[in-house]
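Per our numbering, residue 504 is the first one in the sequence shown, and the count goes up by one each step. Let me begin by presenting the structure, written as structure tokens, before commenting on it.
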Amino acid sequence: MSITFDLPPAARPGLPADAIDTPSLVVDLDAFARNVDRMQAAADAAGVKLRPHAKAHKCPDVSLAQIARGAVGICCQKVSEAVPFVRAGIRDIHISNEIAGPAKAALLAELARHARMSVCVDDVAQIDALAAALSAAGTTLDVFVEIDVGQGRCGVPDAAAALKLVDAIAKHPGLTLRGLQAYHGSIQHLRGWAERRDGAARAADRTGNVIARLEAAGVRCDVVTGGGSGSVEFDLTSGVYTEIQPGSYVFMDADYGSNAYTGSLRFEHSLFIATAVMSVAAGDRVIVDAGLKSMAVDSGLPWIWADGAPSAALDYVSANDEHGIVKPRQADARQALPPLGSRMMLVPGHCDPTLNLYDEIVGIRKGVVGSVWPISARGLSR
Ligand SMILES: Cc1ncc(COP(=O)(O)O)c(C=O)c1O
Numbered sequence: 504m505s506i507t508f509d510l511p512p513a514a515r516p517g518l519p520a521d522a523i524d525t526p527s528l529v530v531d532l533d534a535f536a537r538n539v540d541r542m543q544a545a546a547d548a549a550g551v552k553l554r555p556h557a558k559a560h561k562c563p564d565v566s567l568a569q570i571a572r573g574a575v576g577i578c579c580q581k582v583s584e585a586v587p588f589v590r591a592g593i594r595d596i597h598i599s600n601e602i603a604g605p606a607k608a609a610l611l612a613e614l615a616r617h618a619r620m621s622v623c624v625d626d627v628a629q630i631d632a633l634a635a636a637l638s639a640a641g642t643t644l645d646v647f648v649e650i651d652v653g654q655g656r657c658g659v660p661d662a663a664a665a666l667k668l669v670d671a672i673a674k675h676p677g678l679t680l681r682g683l684q685a686y687h688g689s690i691q692h693l694r695g696w697a698e699r700r701d702g703a704a705r706a707a708d709r710t711g712n713v714i715a716r717l718e719a720a721g722v723r724c725d726v727v728t729g730g731g732s733g734s735v736e737f738d739l740t741s742g743v744y745t746e747i748q749p750g751s752y753v754f755m756d757a758d759y760g761s762n763a764y765t766g767s768l769r770f771e772h773s774l775f776i777a778t779a780v781m782s783v784a785a786g787d788r789v790i791v792d793a794g795l796k797s798m799a800v801d802s803g804l805p806w807i808w809a810d811g812a813p814s815a816a817l818d819y820v821s822a823n824d825e826h827g828i829v830k831p832r833q834a835d836a837r838q839a840l841p842p843l844g845s846r847m848m849l850v851p852g853h854c855d856p857t858l859n860l861y862d863e864i865v866g867i868r869k870g871v872v873g874s875v876w877p878i879s880a881r882g883l884s885r
């Protein structure tokens with residue numbers, strides 16, 4: 504005899520926020536909308552296109568909200584990640600990354616039937632592999648030459664190497680050079696505002712030099728794409744980028760919240776993990792039900808969020824697989840500990856890998872569940 508039993512959903516629209524089962528990933532829909540608006544308004548004011556990164560959330564509903572507000576398309580970091588976004592009707596997707604292996608090239612060539620797709624290259628062999636997949640599928644693709652502007656990850660080191668790739672791209676009728684990608688990840692989380700400004704200026708300088716050398720050789724870069732949530736306020740006025748690709752700004756995790764922002768472009772924490780106190784037996788600490796399987800801690804432990812700010816009284820001090828340990832900041836302040844069954848909101852340290860742990864984002868507005876968005880690209884990292 505088979506037993507069928509469906510897991511009840513963690514939340515349904517209309518449910519009071521306090522009734523959401525824990526741990527759950529929750530977004531404050533009003534703060535989220537303000538973040539979406541602010542970034543779009545800043546890009547519009549600078550005359551720069553906004554192509555938000557979907558690796559931060561993997562959720563088509565988030566991308567559709569950004570596109571409805573004016574984003575020109577999205578970035579994905581992986582080819583498989585793009586599939587649910589194409590299915591959701593998004594028709595302009597840049598894979599802001601190099602790809603390896605014929606299976607990915609074939610999938611990309613297939614996706615190009617349904618959407619305008621682009622991808623990064625930094626080697627002639629990648630160009631040849633893409634061309635072979637495109638001619639088998641009978642589709643076409645835009646390509647970006649990625650340049651390393653200081654991060655020390657992917658990308659060619661200089662204009663001479665970029666020009667070799669431009670020549671290789673021109674040999675294949677299925678490929679069109681769209682421009683350059685110049686992304687500098689390691690400046691995004693420099694804590695000081697001036698440090699980030701100077702790092703972004705150096706990256707823009709290196710990018711500008713490559714553009715000038717390419718132009719001198721008769722190669723025009725229609726699109727120069729790059730920038731993340733920590734550098735966009737500088738990238739927008741650099742005169743170099745025609746397009747920015749920030750992702751985390753919609754949520755602002757604790758790591759981004761630890762940057763200093765002295766400029767006018769600021770974003771709000773909108774993403775939280777709803778967790779509940781499951782044990783108070785020890786007296787000097789409480790245990791919550793969100794641990795390592797509910798959050799990524801590569802960028803630090805979560806903040807406890809209380810009355811619109813990080814708690815001054817309580818710290819989330821350690822994460823086990825299924826348990827989180829919360830202690831009062833002052834060892835003798837036991838009265839600050841919440842009672843059994845009470846709920847807490849945590850701001851995760853790093854949003855991208857945290858979202859990859861959940862099936863859905865529960866949207867709340869004024870204390871009530873307003874939406875449940877599937878994280879359809881969860882786990883799609885091929
Ligand atoms: C190529 C690229 N573009 C944009 C981003 C977006 O960055 P963030 O989510 O920090 O805004 C990333 C993040 O790692 C990235 O790798």
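Every residue, glycine too, gets a C-beta built ideally from N, C-alpha and C.
The beta carbon of Val624 lies closer than 8 Å to those of Glu601, Ile630, Leu633, Val646, Phe647, Val648, Glu649, Leu668 and Ile672 in the same chain, with the five residues before and after it left out. In the three-state reduction of the DSSP assignment, Glu649 falls in the strand class, which pools E and B. For Tyr744, the CB stays at least 7 Å from every heavy atom of ligand 1. Per DSSP, Ser583 is one residue of the alpha helix (DSSP H) stretching across Val582 to Arg590. With a cut-off of 7 Å, the C-beta of Gln580 is classified as near ligand 1, since at least one heavy atom of the ligand falls inside that distance. Boundaries cannot be given for Thr507, as no alpha helix (DSSP H) includes it and DSSP labels it neither H nor E. When DSSP states are grouped into helix, strand and coil, Pro749 belongs to the coil group.
By the Cβ-count criterion, Val820 is exposed, with fewer than 16 other Cβ atoms from all chains shown falling within 10 Å of its own Cβ. Cys854: member of the alpha helix (DSSP H) spanning Cys854 to Leu858, first to last residue. One Cα belongs to Pro587, the other to Ala880, and the distance between them is close to 6 Å.
At the C-beta level, Pro877 and Asp862 come within 8 Å of one another. Judged by the Cβ position, Gly852 fails to qualify as a neighbour of ligand 1 at the 7 Å threshold, every heavy atom of the ligand being at least this far. Shortest Cα-Cα distance from Ile596 to any of Pro605, Leu611 and Ala606 involves Leu611.
By the beta-carbon neighbour count (other beta carbons within 10 angstroms, threshold 16), Asn538 is buried. Excluding its 5 nearest sequence neighbours in each direction, Val791 has C-beta neighbours in its own chain below 7 Å: Thr778, Ala779, Val780, Met781, Gly827, Val829 and Met847, listed in chain order. Under the three-state reduction of DSSP, Tyr686 is assigned to coil, being neither helix nor strand. The bridge partners DSSP lists for Leu817 are Pro831. Along the segment 789-814, the beta strand (DSSP E) occurs as fully enclosed runs of 3 or more residues at 789-791 and 806-809, listed in sequence order. Taking non-hydrogen atoms of ligand 1 into account, the C-beta of Pro749 is found less than 7 Å away from one of them. For Met542, no beta strand (DSSP E) run applies; the uninterrupted alpha helix (DSSP H) run containing it begins and ends at Leu532 to Ala549, by DSSP.
Residue pairing of Phe754 in beta bridges, as defined by DSSP: absent, with no partner found. Under the three-pair Cβ rule at 8 Å, the segment 546-561 counts as touching the segment 729-747.
The residue from Thr710, Leu644 and Phe770 with its alpha-carbon nearest to that of Asp651 is Thr710. The Cβ atoms of Phe775 and Met755 do not sit closer than 8 Å to each other.
With respect to the 8 Å criterion, Arg705 and Gly766 are not classified as neighbours on the basis of their beta carbons. The Cβ-Cβ distance between Gly803 and Ala822 does not fall below 8 Å.
Distance from the C-beta of Ser732 to the nearest heavy atom of ligand 1 is below 7 Å. Under the criterion of beta carbons closer than 8 Å, Gly852 and Asp758 qualify as touching, at roughly 6 Å. Arg716 is a Cβ neighbour of Ala662, given a cutoff of 8 Å.
Here DSSP, grouped into helix, strand and coil, assigns Pro877 to strand.
Pairing Leu614 with Val589 gives a Cβ-Cβ distance under 8 Å.
For Glu863, the uninterrupted beta strand (DSSP E) segment begins and ends at Glu863 to Arg868.
Nearest Cα to Ile593 within the set Ala609, Glu718, Gly573 and Gly604: Gly573. In this structure, Tyr764 has its beta carbon at no less than 7 Å from each heavy atom of ligand 1. In this structure, Ser751 places its C-beta atom within 8 Å of the C-beta atom of Ala559.
Restricted to the segment 718-743, the beta strand (DSSP E) segments that are unbroken, complete and at least 3 residues in length are 726-729, listed in chain order.
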